Amino acid sequence: MKIYEKDNSVILEGVADFEPKHIFECGQCFRWIKEENGSYTGVAKGKILNVYREDNKIYLNNTNLEEFNSIWYNYFDLGTNYTEIKNTLKNMDEYLDKACDFGWGIRILKQDGWEMLISFIISSNNRIPMIQKAIENLSREYGKYIGQYNGKDYYAFPTPQELNKASQEEIRACQTGFRDKYIKSTAENIVTNNENISEYTNLNTDECIKQLLKFNGVGPKVGDCIALFGMQKYDTFPVDVWVKRVMQEFYVAEDMSLPKIRTFAIDKFGELAGFAQQYLFYYARELGIGR
DNA sequence: ATGCAGGCGCGCA
DNA sequence: TGCGCGCCTGCA
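Sequential numbering from -14 applies to the first sequence in the numbering used here.
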């Protein structure tokens, strides 16, 4: 991989397993919005970034090499060999073989744990456009203003202290619906107990999820997503309706319960369960499998 | 128009 | 332990 800086952009030439559409539309993030030219603009780590692929070049716009090295290399998990991960999964069965080819450019982003906690509480029984809107509203109302990109204003995701300044009613006014009380309770819980969610990364997967389940609004599926996307717990397997459908289509009986599907998958895919989940989810949702 | 979506908490056996 | 139910809100 060749990396160089040019005109406020960092260009990655010959980077393997990197496709913006796959990365930003495989269900792991809500703040990356597709632009008319097919690029994606998002906010992470308090920075605005625009990402575009042309052939074997990835353009990271609105950044520089210093920022790339300190932030984006890690955020996009560029130190992990996804070719190797896919090869292991592809050798397991024909379904993963197809799913890995289909979502060949997926990478699991290393996102902020606190942001994932609130974002996935919002995701419960909700649709992606609504989730995106709610997170955008919360950020605009309670997060710090970062700046403009292409004439649009961008705001950082609010810290626990910033979000806790909002009342339950004000949180609901941001289109969070009945999840307002979960968000308020969680923010309050973290601020009053002076908890640092990022430390959950150091716990083992079971303990990490057990701690997450203490928060109001966090159940099995949401807890798994926070652990996988915000705390690098790759040996877990979030089962949402799409994953349930694809698992029932390919692996298990129609009447198998969600917790049993989860256990089945963790046993089967082991250390790579989280990666398998992402390839299967993207495959199922894009193709409408089991709908 | 009603039913339902990338679940959760609750009440009840 | 396990299940059924209601829930914001927008959209088909």
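Just so it is clear, CB atoms sit at the ideal spot from N, CA and C, and this is done for glycine as well.
Keep in mind that this is a model prediction, so the values were computed, not measured.
Proximity below 9 Å, CB of residue i to CB of residue j
i	j	result
Phe9	Gly27	yes
Arg230	Ile175	no
Glu(-2)	Asn41	yes
Ile168	Ile107	yes
Arg247	Phe222	yes
Lys75	Asp86	yes
Pro143	Ser124	yes
Thr73	Asp2	no
Asp209	Val224	yes
Gln263	Ile113	no
Ala141	Lys150	no
Cys11	Gly88	yes
Leu213	Gly259	yes
Asn(-7)	Asn66	no
Asp165	Glu154	yes
Lys278	Tyr268	Not covered by the structure: residue 278. The range shown for the chain is -14 to 276.
Selection from the options that minimises the alpha carbon distance to residue i
i	options	result
Tyr134	Ala238, Leu243, Asn46	Asn46
Glu79	Ala261, Leu50, Ala238	Ala261
Glu126	Ala238, Ser109, Arg157	Arg157
Tyr236	Asp225, Trp227, Ala250, Gly162	Ala250
Glu147	Glu184, Ile116, Gln117, Glu100	Glu100
Ile120	Gln160, Thr65, Glu20	Gln160
Ala29	Lys19, Leu50, Ile56	Ile56
Ile33	Ile113, Gln263, Gly136	Gly136
Glu39	Ile18, Thr48, Lys19, Ile(-4)	Ile(-4)
Arg270	His7, Ile116, Lys206, Glu256	His7
Ser242	Leu257, Tyr268, Pro205, Gly255	Pro205
Lys118	Cys14, Tyr58, Lys195	Cys14
Lys253	Asn22, Met77, Tyr58, Glu51	Met77
Val226	Ser109, Asp82, Met115	Ser109
Gln233	Lys195, Arg276, Gly255	Arg276
Beta-carbon contacts of residue i that lie in its chain and below 8 Å, excluding the five residues immediately before and after
i	result
Leu102	Thr171, Ile182, Leu197, Phe200, Val203, Ile211, Gly215
Ser24	Pro5, Asn35, Val36, Tyr37, Tyr44, Asn46
Gly98	Ile182, Ser183, Tyr185, Thr186, Ile211, Gly215, Met216
Tyr60	Ala29, Lys30, Leu94, Lys95, Gln96
Asn22	Tyr37
Asn300	Lying before the first or after the last residue shown, residue 300 is absent from the chain, which here runs from -14 to 276.
Ile116	Phe15, Ser104, Ile107, Ser108
Cut-off 7 Å between Cβ atoms - residues of its own chain near residue i, not counting five sequence neighbours on either side
i	result
Gln217	Lys95, Thr186
Cys193	Tyr185, Ala212, Met216, Lys218
Ser152	none
Residues bridged to residue i [DSSP beta-bridge criterion]
i	result
Val36	Tyr25, Leu45
Asp78	Answer by DSSP bridge pairing: none, since Asp78 is not bridged.
Leu102	In DSSP, Leu102 forms no bridge with anything.
Asp138	Gln133
Lys(-9)	Ser(-6)
Ile18	Thr26
6 Å CB neighbourhood of residue i in its chain, flanking five on each side removed
i	result
Thr190	Lys218, Asp220, Thr221
Val0	Met(-14), Ile43
Lys245	none
Tyr(-11)	Ile(-4)
Lys19	Tyr25
Per-residue burial, residue i [other beta carbons within 10 Å of its own, 16 or more giving buried]
i	result
Tyr286	Residue 286 lies beyond the range of the chain shown here (-14 to 276); nothing can be said about it.
Phe163	exposed
Val228	buried
Lys71	buried
Ser104	buried
Arg16	buried
Val207	buried
Ala238	exposed
Leu257	buried
Leu272	exposed
Residue i Cβ short of 8 Å to the ligand PLP heavy atom set
i	result
Lys42	The ligand PLP is not part of this structure, which contains no ligands at all.
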